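Undergrad: A single structure is presented below for examination.
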């Protein structure tokens, strides 16, 4: 079945460091891919998305490119801030089944130190 | 736009009692809502898909008699945890498909942290 694999955290970085959180997926058809962010005590917020191969999603300095050849959607940011500390979830949407269910990765906790 | 309001945000209940969690779409009609459960330090697991005016579809392994879902209107879906036990303690999150935005990302509620003592 479809699945999403994320790098395990926690990831601890100093402010202004470069961030990469790896995400790979297994899916039939052509899923849409997403990154969601969850701040402490809150629900999930959509960070960025890509709906087809080679699309690049970007928001708030974060970027991720839909790579079909490597089935990856790695999240990157050039210079992290303390306020970026949160849990990041990679997800895919199963479009083939028509139900648009989401499958989430296990989440990666990011901690940015001042 | 496309806001989903979920409440309560936190609830503590005694073992054996029932708890109702509400999820409302504030500025759109949500024909389909999804209920997720998140264990500490784990990902979200889809529990069920709630469709307005019909029975919910439960994922394998989810007890439908324990987790009652009602989607009686286009703006409200409820999840009732019946006869709650400590192992039901978790973070429950709903999400809704926004019309016209198909797979472009769903809107999530802010979650409900349930603690059963």
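Residue numbers (the numbering used here), protein chains in the order written: chain A, 502 to 615; chain B, 20 to 136. The C-beta atom is built at its ideal place from N, Cα and C for all residues, glycine as well. Values in this document were obtained by computation on a predicted structure and should not be read as measured data.
Determine the closest residue to residue 521/A out of 605/A, 511/A and 593/A, with distance taken between C-alpha atoms.
TA: Within the first chain, numbered from 1, the residue matching residue 521/A stands at position 20. Comparing Cα positions, the closest option is 511/A.
Undergrad: So if I threshold CB-CB distances at 7 Å, which residues from the stretch 53-67 of chain B count as touching chain A?
TA: Taken in chain order, the members of the stretch 53-67 of chain B whose beta-carbon sits within less than 7 Å of a beta-carbon on chain A are 61, 62, 63 and 65.
Undergrad: Here's the rule: buried if 16 or more other CB atoms are within 10 angstroms of the residue's CB, otherwise exposed. What is residue 25/B?
TA: Here residue 25/B is taken as the residue at index 6 of the second chain, counted from 1. The residue in question, residue 25/B, is buried, as its Cβ has 16 or more Cβ neighbours within 10 Å.
Undergrad: Using a C-beta to C-beta distance shorter than 8 Å, which residues of chain B count as neighbours of residue 543/A?
TA: Counted from its first residue, the first chain places residue 543/A at position 42. Those within 8 Å of residue 543/A in chain B are 129 and 130.
Undergrad: Give the range of the beta strand (DSSP E) segment to which residue 39/B is assigned.
TA: Counted from its first residue, the second chain places residue 39/B at position 20. Membership of residue 39/B in the beta strand (DSSP E) is indicated by the continuous run 38-44.
Undergrad: Let me know the secondary structure DSSP gives residue 109/B once reduced to three states.
TA: By one-based count along the second chain, residue 109/B stands at place 90. Three-state result, residue 109/B: strand.
Undergrad: Given the structure, does residue 54/B come close to the ligand FMN, in the sense that its CB is under 7 Å from one of the ligand's heavy atoms?
TA: Here there are no bound small molecules, and the ligand FMN is not part of this structure.
Undergrad: Count the other C-beta atoms from every protein chain shown that fall within 10 angstroms of the C-beta of residue 80/B, then say buried if there are 16 or more, exposed otherwise.
TA: Mapped onto the second chain, residue 80/B falls at position 61. By the neighbour-count rule (16 or more Cβ atoms within 10 Å), residue 80/B is not buried but exposed.
Undergrad: Taking 8 Å as the CB-CB limit, is residue 125/B close to chain A?
TA: To locate residue 125/B, count along the second chain from 1; it is residue 106. Cβ-Cβ to chain A under 8 Å: yes for residue 125/B.
Undergrad: When DSSP labels each residue in this structure, what does residue 586/A get in the three-state scheme?
TA: On the first chain, position 85 is the one that residue 586/A refers to. Correct three-state label for residue 586/A: coil.
Undergrad: With 16 other CB atoms within 10 Å as the buried threshold, where does residue 136/B fall?
TA: By 1-based counting over the second chain, the position of residue 136/B is 117. With fewer than 16 other Cβ atoms within 10 Å, it is exposed.
Undergrad: Use the C-beta contact count for residue 554/A: other C-beta atoms within 10 angstroms, 16 or more gives buried, fewer gives exposed.
TA: Position 53 of the first chain, counted from the start, is the residue given in the question as residue 554/A. Exposed: under 16 other Cβ atoms inside 10 Å.
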